[in-house]
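Presented below is the structure to which this report refers.
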Ligand code: MN3
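Numbering (the working numbering), first residue to last: 61 to 266.
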């Protein structure tokens, strides 16, 4: 059997660690990217190696045992890879409001950008424990939806294409905001890079 090489890599961060200050501190960015995201990538690769090993041995029980590690670390890798790109320094396009087709669809599906913002914030701040708040696109229904995912479950488990997501694991804000998750989510609107989110929507809407 041919050996299958599986090696996911930590994607490059598109800005410096301090670029999202004052909303997210350089210390948080450094830890979040270099420790947390990196660990998901490392653990995903390890789990996949073990999975392929089990596959070669036809060890189905072991393959099943590895699935939660693949889901957790694979989800963590997918989610953080999106997260870095939908944020941006205020000086380089972060903040503001969506434009174009995405803006129209937000108005259609939520009433207005402000109504969307409020609904998204309430849902995301209210997540019990660790997880993510998402704006997703349902390709079948051709509509936008707000969804929350526990742990590192990727949004694709809800049949939605992820457009924008906010990490509300404590590692994403605690060093700076302590227990004030609501303050972190309120501030993150200042660094959402809507142009990149619009690009994700354009690709999802094909
Ligand atoms: Mn995180």
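Every residue gets a Cβ at the ideal spot worked out from N, C-alpha and C, and that includes glycine.
Taking 7 Å as the cut-off, is the beta-carbon of residue i closer than that to any non-hydrogen atom of ligand 1?
i, result
"residue 227", "yes"
"residue 183", "no"
"residue 140", "yes"
"residue 96", "yes"
"residue 137", "no"
"residue 232", "yes"
"residue 253", "no"
"residue 322", "No statement about residue 322 is possible, as the shown extent of the chain runs from 61 to 266 and does not include it."
Can you name, in chain order, every residue of its own chain whose Cβ lies under 6 Å from the Cβ of residue i, other than the five neighbours on each side?
i, result
"residue 162", "258, 261"
"residue 210", "191"
"residue 247", "83"
"residue 264", "197, 221"
Straight-line CA distance for residue i to residue j?
i, j, result
"residue 96", "residue 149", "21 Å"
"residue 75", "residue 89", "10 Å"
"residue 69", "residue 135", "14 Å"
"residue 80", "residue 114", "43 Å"
"residue 105", "residue 232", "23 Å"
"residue 93", "residue 199", "31 Å"
"residue 252", "residue 159", "13 Å"
"residue 182", "residue 175", "11 Å"
"residue 166", "residue 197", "11 Å"
"residue 170", "residue 87", "35 Å"
"residue 179", "residue 237", "21 Å"
"residue 215", "residue 194", "7 Å"
"residue 256", "residue 151", "15 Å"
"residue 77", "residue 234", "16 Å"
"residue 120", "residue 229", "33 Å"
"residue 91", "residue 73", "13 Å"
"residue 110", "residue 118", "12 Å"
Below 7 Å, is the gap between the Cβ of residue i and the nearest heavy atom of ligand 2?
i, result
"residue 86", "With respect to small molecules bound, the structure shown includes ligand 1 and not ligand 2."
Go through its chain and collect everything with a Cβ distance to residue i's Cβ below 8 Å, but skip five positions before and after it.
i, result
"residue 266", "none"
"residue 154", "80, 147, 148, 250, 251, 252, 253"
"residue 71", "141, 144"
"residue 157", "163, 173, 254"
Can you give me the Cβ contacts of residue i inside the same chain, cut-off strictly under 7 Å, excluding the 5 residues immediately before and after it?
i, result
"residue 82", "none"
"residue 185", "241, 242, 245"
"residue 122", "114"
"residue 143", "225, 227"
"residue 132", "211, 212"
Can you name the residues that DSSP bridges to residue i?
i, result
"residue 206", "195"
"residue 224", "195"
"residue 252", "147"
"residue 155", "253"
### Message
Three Cβ pairs or more, each shorter than 8 Å: is that satisfied between the stretch 221 to 228 and the stretch 117 to 135?
### Response
Between the stretch 221 to 228 and the stretch 117 to 135 there are fewer than three inter-stretch CB-CB distances shorter than 8 Å, so the stretches are not counted as touching.
### Message
With three or more C-beta pairs closer than 8 Å as the rule, is the stretch 86 to 103 touching the stretch 131 to 142?
### Response
Counting Cβ pairs under 8 Å, three or more are found: they touch.
### Message
Three or more C-beta pairs under 8 Å: does that hold for the stretch 194 to 207 against the stretch 215 to 222?
### Response
By the criterion of at least three beta-carbon pairs nearer than 8 Å, the stretch 194 to 207 is in contact with the stretch 215 to 222.
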